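Per our numbering, the sequence shown starts with residue 89, numbered consecutively. From the three backbone atoms N, C-alpha and C, an ideal C-beta is built for every residue, glycine too. As the structure is a computational prediction, the values presented were derived from the model and not from experiment.
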Amino acid sequence: MLPSSRSRARTCFVVAPAVAGVLLAASACGGPGGEGAVEQQAGSGSDSVAVGGSSSASPSSSASSSSSSSPSKSASASASASSKAKDDGGKGNASASPSTAPGTAVTQRATTAPPAAYAAPNFPVPASPGDATQLITVKASGSYATVTAWAKGTSGWKAQFGTSAGRVGSNGVTDGATRRQGTYTTPSGTYTLTEGFGVEAGGTSMPYHVVNSSDWWVEDPQSKYYNSMHTAAGADFPLTESGDRGSEHLINYPTQYAKALVVNFNRWPATPGRGAGIFLHVNGKGATAGCVSVPRATMDRIMAWIRPGAHPRIAIG
């Protein structure tokens with residue numbers, strides 16, 4: 089989610105299924121009612137997308153959050169948008185679930201190269217790759233982060249590309265197992281990535297939903313659609329980004345949510361108050377409300393690279 093628009097208007101790592109009327113998607117941390125893509129602070133630095141697939145690393149066996157796979161498909165596009173800076177809350181475990189979603193993004197220069205090879209079995213952060221052959225690591229320092237894409241081949245894990253211009257919540261990273269909504273923190277842990285969404289076409293093989301004016305990412309703790317995408321039709325949540333029950337109106341964030349991937353934190357089941365709308369999306373003007381964000385060029389590259397068959401995950405620390 090973007091920086092809270094409740095407190096202001098928008099703030100996320102900048103990445104769920106659709107079933108009867110509910111559509112799962114990622115939110116731009118930072119809208120008034122949500123923890124999505126809205127930024128609170130200025131400046132994420134340069135959008136550097138570094139390419140370099142030669143650094144090899146072996147999978148880290150130190151899993152700081154277990155990934156739980158529990159695919160979920162909600163048929164109604166339930167998107168509770170929270171243009172406010174609601175924190176995306178949830179569990180620290182990775183959950184897997186099929187989804188249908190959106191996406192496209194903006195480009196910027198690469199300012200850093202991928203990290204050098206890590207000695208097996210260590211990644212820059214604790215990770216539980218499980219059956220994944222694609223992994224995105226997020227190494228945070230305050231509200232800034234180095235984001236790296238990894239692929240596993242016959243010779244082990246190798247860095248593919250990355251950026252040092254990533255952003256996380258304005259209050260940094262916190263334990264995903266205890267994180268609460270509205271704290272402007274990004275949950276640590278390893279999570280599955282199963283779907284995307286965006287204002288633009290995704291340019292990806294991942295399940296993706298192009299959002300329209302009816303789509304919200306629900307962040308109202310009282311809604312049965314909490315932490316999923318839903319349309320205005322049949323909504324049991326206020327169609328507002330303001331207040332404690334505000335959600336994110338996804339189309340309001342054409343920059344941050346040009347393309348996004350939903351981070352499966354606090355989903356299936358979603359615990360009210362843990363956080364909703366944690367995504368990997370395009371950088372805004374500063375820190376997020378809990379999401380992970382990257383320069384547009386990096387997000388474009390991630391969307392083209394990521395594959396559902398690789399069972400991709402994201403490890404945040």
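Report buried or exposed for P357, applying the criterion of at least 16 other Cβ atoms within 10 angstroms of its Cβ.
-> exposed
Going by DSSP, which residues form a beta bridge with S336?
-> Correcting the residue type first, residue 336 is Glu in the shown sequence and not Ser. Beta-bridge pairing links E336 to W305.
From the DSSP output, in three-state form, read off I224 for me.
-> strand
For R395, the three-state DSSP class (helix, strand or coil) | coil
When the distance is taken between beta carbons, is A398 closer than 7 Å to H369?
-> no
Per-residue burial, S301 [other beta carbons within 10 Å of its own, 16 or more giving buried] = exposed
Relative to the C-alpha of P275, which residue among P400, E123 and G378 is closest?
-> G378
State the DSSP-derived secondary structure class of R401, mapped to helix, strand or coil.
-> strand
Does the Cβ of Q310 have 16 or more other Cβ atoms within 10 Å, making it buried, or fewer, making it exposed?
-> exposed
Report the residue from D332, V350 and G331 whose alpha carbon sits nearest the alpha carbon of L338.
-> V350
Can you tell me whether DSSP reads T242 as helix, strand or coil?
-> coil
Select from I404, P396, M391 and G405 the residue whose C-alpha is nearest the C-alpha of F249.
-> M391
Through-space distance from G361 to F211, alpha-carbon basis = 30 Å
For the beta strand (DSSP E) that contains T278, what are its first and last residues?
-> G277 to G286
Cβ atoms of T262 and T273: under 7 Å apart, would you say?
-> yes
Are the Cβ atoms of V287 and P214 separated by less than 7 Å?
-> no
Determine the contact status of G230 and V382, defining contact as a CB-CB distance below 7 Å.
-> no
Measure the C-alpha to C-alpha separation of A385 and S293 and round it to an integer number of angstroms.
-> 18 Å
Which residue from F285, W304, D303 and W305 puts its Cα closest to that of Y296?
-> F285
Secondary structure of T251, DSSP reduced to three states | strand
Helix, strand or coil for A385 per DSSP?
-> helix
From V298, K373 and G331, residue whose alpha carbon lies closest to that of C319 = Checking the sequence shown, residue 319 turns out to be Thr, not Cys. The option with the nearest alpha carbon to T319 is V298.
Cα-Cα separation, V110 to D332 = The predicted model places V110 with a pLDDT of 36, which falls under 50 and marks its position as unreliable, so this point remains unresolved.
Status (buried if at least 16 other CB within 10 Å, exposed otherwise) for K227 | buried
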